[in-house]
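Here the numbering used here is used: position 52 in the sequence shown is 536, and no number is missing along the way.
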Amino acid sequence: MAASTHPVALITGASSGIGAAIARDLGSRGYYLALAARRKDALETVARDIRTSGGGAVPLVCDVTKPESIAACVAHTREEFGRIDVLVNNAGVMHNGKIAGADVSEWRAMIDVNLTGLMLMTHAVLPHMQAAGSGHIINISSVAGKIITVGNGVYNVTKWGVNVFSEALRKEVYVDNIKVTVVCPGVVDTELLDKIANPEARANFKAFAAGLDPLTADDVAGAVAYALTAPSYVSINEVVLRPAKQER
Ligand SMILES: NC(=O)c1ccc[n+]([C@@H]2O[C@H](COP(=O)([O-])OP(=O)(O)OC[C@H]3O[C@@H](n4cnc5c(N)ncnc54)[C@H](OP(=O)(O)O)[C@@H]3O)[C@@H](O)[C@H]2O)c1
């Protein structure tokens, strides 16, 4: 297909929560969207909503832990829309719990999705942005990437890793006219919390969140839009947003 006249964004984890909210928001701003995640039906619902409102969106089943799935997703996006102006690395999982006695498969899942998946997707998209001479990579991190809390150690590791990788990337690619933004939300009301594998850790975190008036996914989409709509000479490198009642 010929290159789209609309800006094009590839969003991982677009099937629910923050990723779906970013997709809907960017769709309303005229972006054409490649929506990547594992759940096909949920992706199709988001894509259909965006198309019904006059936008452009394709659902792409993609597992960011699998390099071949990432390669297919990037190739498909370029076939569909001709280019990738914005990459939003948002896919993530959170499995809280103390280090001693942890189910280490939960550690692997967090590292594979939150950190390695984000790095591999960036690696796959970067050459196309460099060839185009412009681009914007938005990495959804967390306040867990800025502070360390008991019972959240490996999630902290992944999000600190995202922040470190983002800053290293920024220093390498600003010369290519590619912006890098890391967005660090506090607690957001999404299904992420319901998927915490350890029942005790899940109950504790949900009780913590309930007392906070959490952010909505749309609040985070607003932070992404803030970074994307800055003038071309301004690079917003980090946005931190918390519920007003959240201390940590
Ligand atoms: N909710 C919070 O309090 C909060 C706070 C700070 C930061 N964050 C971060 O925000 C991001 C989005 O989370 P959310 O709160 O919106 O939760 P969510 O609704 O559970 O969204 C997570 C997304 O990641 C996708 N995903 C998970 N594993 C994947 C894989 N292997 N390959 C591709 N996609 C995968 C999920 O889609 P599929 O299951 O369909 O694959 C889903 O779309 C995460 O990086 C999270 O760490 C969340």
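Glycine included, each C-beta is placed from N, C-alpha and C at the ideal position.
Looking at C-alpha atoms only, which residue of Asp678, Arg522, Ala707 and Val609 is the closest neighbour of Val597?
For the residues Asp678, Arg522, Ala707 and Val609, the minimum Cα distance to Val597 belongs to Arg522.
Checking 9 Å against the spacing of the C-beta atoms, do Val558 and Ala526 come in under that value?
Cβ distance not < 9 Å, so Val558 and Ala526 don't count as in contact.
Using alpha carbons as the reference points, say which of Thr665, Leu676, Gly706 and Ala541 lies closest to Ser500.
The shortest Cα separation from Ser500 among Thr665, Leu676, Gly706 and Ala541 belongs to Leu676.
Burial state of Ala687, where buried means 16 or more other Cβ atoms lie within 10 Å:
With fewer than 16 Cβ atoms within 10 Å of its Cβ, Ala687 is classed as exposed.
Let me confirm a value: Tyr515 is counted as buried when at least 16 other C-beta atoms fall within 10 Å, else exposed. Which label applies?
Under this definition Tyr515 is a buried residue.
For Asn647, three-class secondary structure by DSSP
In the structure shown, Asn647 sits in a helix (DSSP, three-state: H, G or I).
Would you give the residue range spanned by the alpha helix (DSSP H) that Val708 belongs to?
Here the alpha helix (DSSP H) through Val708 covers Ala701 to Leu712.
Following a CB-centred definition, is Gly670 positioned closer than 8 Å to any heavy atom of ligand 1?
Distance from the C-beta of Gly670 to the nearest heavy atom of ligand 1 is below 8 Å.
Using only the alpha-carbon positions, how far apart do Glu731 and Cys668 sit?
A direct Cα-to-Cα measurement between Glu731 and Cys668 gives close to 14 Å.
Note down the Cα distance separating Thr666 from Gly585, rounded to an integer number of angstroms.
Correcting the residue type first, residue 666 is Val in the shown sequence and not Thr. C-alpha separation (whole angstroms): 32 Å.
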